[in-house]
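Below: the structure, in structure tokens.
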Amino acid sequence: MNQHKKTYLKKLRLLLNQVILIMTKKAQAALEYLMTYGWAILIIAIIAGALYYMNVFSSSCDSPISTGFSGVEILSNDFAFTSEGDLEIILTNAAAETVHILNVTVQNGTSTDVANTTALTLDAGTTITYTFSGLTSPGSKGSCYTEDVAIYYTRGDLSTIFKSTGSLRHAVQ
Amino acid sequence: MKNKNSQVAVEYLIMLGIVLLVFSVMWGRVSQVAQLTRVNVRISNAETYLEKLKTNIDLVNFYGEPTKIEMIAYVPDGISFVNLSNNEIILGVETTAGQTIMGVKTRANLSGILPYKRGTYRVLIKAVGDEVNLSY
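Right, dumping it as structure tokens:
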């Protein structure tokens, strides 16, 4: 009986030793892996952190972007497109003199220009709101859109008809 | 030995894949922002070009003949035309949404020619009688 017990214990000890050996080998492999690729993981983590900080992983439409206008402008926070197809824009006179707005057109998706021909005079630094109704909605709430807008105007007593074109990009509200 | 080699190769591929993925996401975002910024910078440079011209033309006109000024002007890319019409300078700038037309009014009638291709130019602004002549 004693002999049998001794043999059993010996086998158990051997098994434990093997388990420890395997575990030690695995830990060593993991450590080696970390030492080899640790620098790369670290760099990736830093880059990923920086990208997250710059909102790269969020949709590019999360914040409103307005580009290309001059003279009469639409600022980045001055427009909204609803899922019902209503586009509201606020025009700002940045021309440093009185302007006469003749016409505002929107290139609505692939369809032809939609024009708002309400002519009015805008003093330097002032704003006016234009609303376009019944446009083709770019999608449901939250989906991304880009609309090209052209503003035709005259400045002071200049005879030329000026044109301020630009793009508006944001999520449908 | 063979197993170890293939393990190293797989680990290397995984790491390279992750690095490439991160860089491609970053590249896409950066080029998008760069394109938007390029248009705004172009508009801003064109406005500066016009304002600088107006200031110098009005100055030359104030002092009269034979005053002349040599102005260093930076003309941005994407300028489609420059027109001199009586006392107006009209400039066409290409944007992602089409052409923006901007301009300034000067005190004197203008004659001559202005550069519109990208680059830095020496523009000669010269008072000639009641007019101001522009050349480069």
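Going down the list, the sequences are from chains A and B. Under the working numbering, the first residue of the first sequence is numbered 19, with each subsequent residue one higher. Under the working numbering, the first residue of the second sequence is numbered 475, with each subsequent residue one higher. Cβ atoms here follow ideal geometry from the backbone N, Cα and C, with glycine treated the same way.
Could you confirm whether any beta carbon from chain A is found closer than 7 Å to the beta carbon of B/I531?
Answer no: the Cβ-Cβ gap between B/I531 and chain A never drops below 7 Å.
Below 8 Å between beta carbons is the criterion; list the residues of the stretch 157 to 176 of chain A that meet it against any residue of chain B, in chain order.
Within the stretch 157 to 176 of chain A, the qualifying residues are D166, V167, A168, R173, G174, D175, L176.
Using only the alpha-carbon positions, how far apart do A/K174 and B/E562 sit?
Here the sequence assigns Gly to residue 174 of chain A, which means Lys is not the residue at that position. Approximately 12 Å, taken between the alpha carbons.
Should B/F555 go down as buried or exposed, given a rule of 16 or more other Cβ atoms within 10 Å for buried?
Label assigned to B/F555: exposed.
Pull up the distance between the alpha-carbon of A/S177 and that of A/H118, whole angstroms please.
Cα to Cα, the separation comes out at about 11 Å.
On the three-state DSSP scale, how would you describe B/R596?
In this structure, B/R596 counts as strand in the three-state DSSP scheme.
Can you grab the Cα-Cα spacing for the pair A/L93 / A/D104, in whole Å?
A/L93 and A/D104: Cα-Cα distance of roughly 18 Å.
Ordered along the chain, which non-local residues of its own chain (more than five positions away) have a Cβ less than 8 Å from that of A/T172?
Answer for A/T172: V117, H118, L120, T178, I179, F180, listed in chain order.
Rounded to whole angstroms, what is the Cα-Cα separation between B/R581 and A/T139?
When rounded, the distance between both Cα atoms is 24 Å.
DSSP beta-bridge partners for B/L565?
In DSSP, B/L565 forms a bridge with B/V556, B/M576.
Can you tell me where the beta strand (DSSP E) with A/E50 in it begins and where it stops?
Not the beta strand (DSSP E): A/E50 falls in the alpha helix (DSSP H), residues 20 to 71.
List the residues of chain B whose Cβ lies closer than 8 Å to the Cβ of A/I83, in chain order.
Result: L510.
Apart from the five residues just before and just after A/P194, which ones in its own chain have a Cβ nearer than 8 Å to its Cβ?
The displayed coordinates of chain A run from 19 to 191. Any statement about residue 194 of chain A would go beyond what the structure contains.
Expressed to the nearest angstrom, what Euclidean distance is found between the alpha-carbon atoms of B/E544 and B/E568?
Between B/E544 and B/E568, the C-alpha separation is close to 27 Å.
Using a beta-carbon distance cut-off of less than 7 Å, what residues from the stretch 89 to 102 of chain A approach chain B?
So the close ones are G89.
CB-CB under 7 Å to A/G184, same chain, minus the five flanking residues each way: which ones, in chain order?
Closer than 7 Å at Cβ, skipping near neighbours: S84, T85, G86, F87, I92, V167.
Using DSSP with H/G/I as helix, E/B as strand and the rest coil, what is B/T522?
Three-state DSSP puts B/T522 in a helix.
Tell whether a beta-carbon distance below 7 Å holds between A/G89 and B/M576.
Yes, these two residues count as a Cβ contact at 7 Å.
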